[in-house]
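Novice: Encoded as structure tokens, here's the structure I'll be asking about.
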Amino acid sequence: MFERPDSGHRALLVHIDVRQGAGNAGDLEADRAEFVELARSAGLDVLELVTASRQRATARHFIGTGKIEELKASLAFAAQEEPVDVVLFGQRLTPSQERNLERELGVRVLDRNSLILDIFAQRARTFEGKLQVELAQLTHLSTRLVRGWTHLERQKGGIGLRGPGETQLETDRRLLGERVRVLKQRLEKVRRQREQGRSQRGKSGVPTVALVGYTNAGKSTLFNRLTDASIFAADQLFATLDPTLRRVMLPGGTAVVFADTVGFIRDLPHELVDAFRSTLTETLEADLLLHVVDDADEERAQRQSDVDRVLDGIGAEEVPQLMVFNKIDASGQQPGVERDDAGQPVSVRVSALRGNGIEALASAIAERVQGRRTAGWLHLLPEQGRLRSRFYAADAVHEERVCDDGSAWLSLEMDAIEFGRIAAEHRISDYLDPEPSPLAVPGGG
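Numbering (the working numbering), first residue to last: 5 to 449.
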């Protein structure tokens, strides 16, 4: 038996098209391109992509003996320069298929799910993210314990025939199960803390806007544009894993909390969906979803469907969406807003990288999330300069009139809940006068 390395850098990729009826050539090419990009995002040096088509997978090796011999030849040729560390399959393999392929090829074999889990492990930065990744890895590993101790004698049954192998497997299962329970308890604590934060935002009336979309659609770049944040963004899959929240004041004085979430992907492993359910709750309980789409992607329609499928899977299909077609600098489109028959914005074309269309997007978001508006005149004393600045910062002041005694009347229009919160903080009346004092001088200040 060969020695399995802890990590691999030189990888041979295998993508098998298992036909389940009439396939789409475009979807197949997109699957293969995405698989290669996943491998490169994991930091692997892709040596070759071996492809094939089969009517059905074999139970023992997933592929046939002819393809196994072809892989052996490819590995031998690549090894002339430097040994190959890992063979990656673009489909999900069973534990026995992985083990049998490793025996035949003499090199470590991993499937697509293991690759995605490895990328997530590299990207996790926060305490919650690391817990979720470990839980997903252990859930995946639990299916790989069966027959994993082939160097030990298996339990055969009967007096005097029981070897130590089963005892070791049971010990591993017990230790793994205990660690899973600890992780779930810690994640439950984090979940309660998140619920408290969401509850406080709900009491303050500040809506949450979650950015969702296919991985590498430009969500993090757009998030940085909208919030003046500096979270990591790169041209790679799953560049951002941990959710980030930022409070922003939109045009017209509407305050929102933006939430950047992990990118989705086609056939997202169930282990990841389950482990990241607390993170995805930010999406489930958002007031509005910004569905970010790469406008320059030829597969954008399929990407939209894949994201909608994940949203349906977590129960977020009823959350209102505003489509954001990003990367128009690459697609050649012009920035703009599309509206439905009722005049409500339904999609916006932007370039998060260039900043084109961002102001229109912010206004469209404000239209979609703003609740009851309040408008009128508010009288402020000279010593209330900080409160005056607060309203100007919220872009809520339409006009200002100064009185002879140095006080001022402000003509305000803003979100009613936000105005009520500011009024409570500064202990002023939440009532706005329909008209200012006749003694106020127009244009003062």
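Don't be surprised by glycine CBs; every beta carbon is placed ideally from N, CA and C.
Nearest CA to the CA of S88: which residue from Y396, A80, D419?
Specialist: It should be noted that the sequence gives Val, not Ser, for residue 88. Among Y396, A80, D419, the Cα nearest to that of V88 is on A80.
Novice: Which residue marks the beginning of the alpha helix (DSSP H) containing Q95, and which one marks its end?
Specialist: It is not in any alpha helix (DSSP H) - Q95 carries neither H nor E in the DSSP assignment.
Novice: Under the three-state reduction of DSSP, which class applies to A366: helix, strand or coil?
Specialist: helix
Novice: Our contact map puts L254 next to I123 with C-beta atoms below 8 angstroms; I'd like the distance itself, whole angstroms only.
Specialist: L254 to I123, Cβ: 34 angstroms. No contact.
Novice: Is the Cβ-Cβ distance between T231 and V373 less than 8 angstroms?
Specialist: no
Novice: Assuming I332 contacts P324 (C-beta within less than 8 angstroms), just tell me the rounded distance between them.
Specialist: Here I332 is actually not in contact with P324; their C-beta atoms are around 23 angstroms apart, not less than 8 angstroms.
Novice: Looking at the structure shown, is N330 part of a helix, part of a strand, or coil, going by DSSP?
Specialist: strand
Novice: Taking 8 angstroms as the cut-off, does the segment 180–191 touch the segment 291–310 (at least 3 CB pairs, one atom from each stretch)?
Specialist: no
Novice: Quick check on L92: buried or exposed, where buried means 16 or more other Cβ atoms within 10 Å of its Cβ?
Specialist: buried
Novice: Could you pull out every residue in the same chain whose Cβ sits closer than 8 angstroms to the Cβ of E429, ignoring the five residues on either side in sequence?
Specialist: none
Novice: Mapping the DSSP letters down to three states, classify G336 as helix, strand or coil.
Specialist: Coil, per DSSP.
Novice: Give the range of the alpha helix (DSSP H) segment to which I72 is assigned.
Specialist: Segment 69–82, the alpha helix (DSSP H) holding I72.
Novice: Tell me which same chain residues have a C-beta within less than 6 angstroms of the C-beta of E342, skipping the five on either side of it?
Specialist: V350, S351
Novice: Could you check where the beta strand (DSSP E) with L292 kicks off and where it finishes?
Specialist: First-last of the beta strand (DSSP E) with L292: 292–298.
Novice: Does the Cβ of D298 have 16 or more other Cβ atoms within 10 Å, making it buried, or fewer, making it exposed?
Specialist: Buried.
Novice: Run through DSSP, which three-state label would I450 get?
Specialist: Because the chain is modelled from 5 through 449, residue 450 falls outside the range shown and cannot be assessed.
Novice: Identify, in the order they occur along the chain, each residue of the same chain with its Cβ nearer than 8 angstroms to the Cβ of E52, setting aside the five sequence neighbours on each side.
Specialist: L16, L17, S78, A82
Novice: Below 6 angstroms CB to CB, which residues in the same chain sit around A34 once its five sequence neighbours on both sides are set aside?
Specialist: E303
Novice: Alpha carbon to alpha carbon, how far is E74 from R151? Give it in angstroms, no decimals.
Specialist: Note on R151: pLDDT 46, under 50, position unreliable in the model; the coordinate value appears next. Approximately 27 angstroms, taken between the alpha carbons.
Novice: Pick from H65, A427, R358: whose alpha carbon is nearest that of L105?
Specialist: Taking each of H65, A427, R358 in turn and checking the Cα distance to L105, the smallest one comes out for H65.
Novice: Can you find the residues in the same chain that come closer than 6 angstroms, C-beta to C-beta, to H19, ignoring five residues on each side of it along the sequence?
Specialist: R36, F39, T55, G94
Novice: State the Cα-Cα distance for the pair V113 and E102, rounded to the nearest angstrom.
Specialist: 6 angstroms
Novice: CA-CA distance, S224 and F262?
Specialist: 11 angstroms
Novice: Looking at C-alpha atoms only, which residue of R353, F268, F423, S100 is the closest neighbour of G317?
Specialist: Cα-wise, what sits closest to G317 is F268.
Novice: Determine which residues share a DSSP beta bridge with F351 and list them.
Specialist: Looking at the sequence provided, one finds Ser at residue 351 rather than Phe. In the DSSP output, where bridge partners are listed per residue, S351 has M327, E342.
Novice: Might you give, ordered along the chain, the residues of its own chain that have their beta carbon closer than 6 angstroms to the beta carbon of V22, omitting 5 neighbours on each side?
Specialist: R58, A61
Novice: Looking at the structure shown, is R394 part of a helix, part of a strand, or coil, going by DSSP?
Specialist: helix
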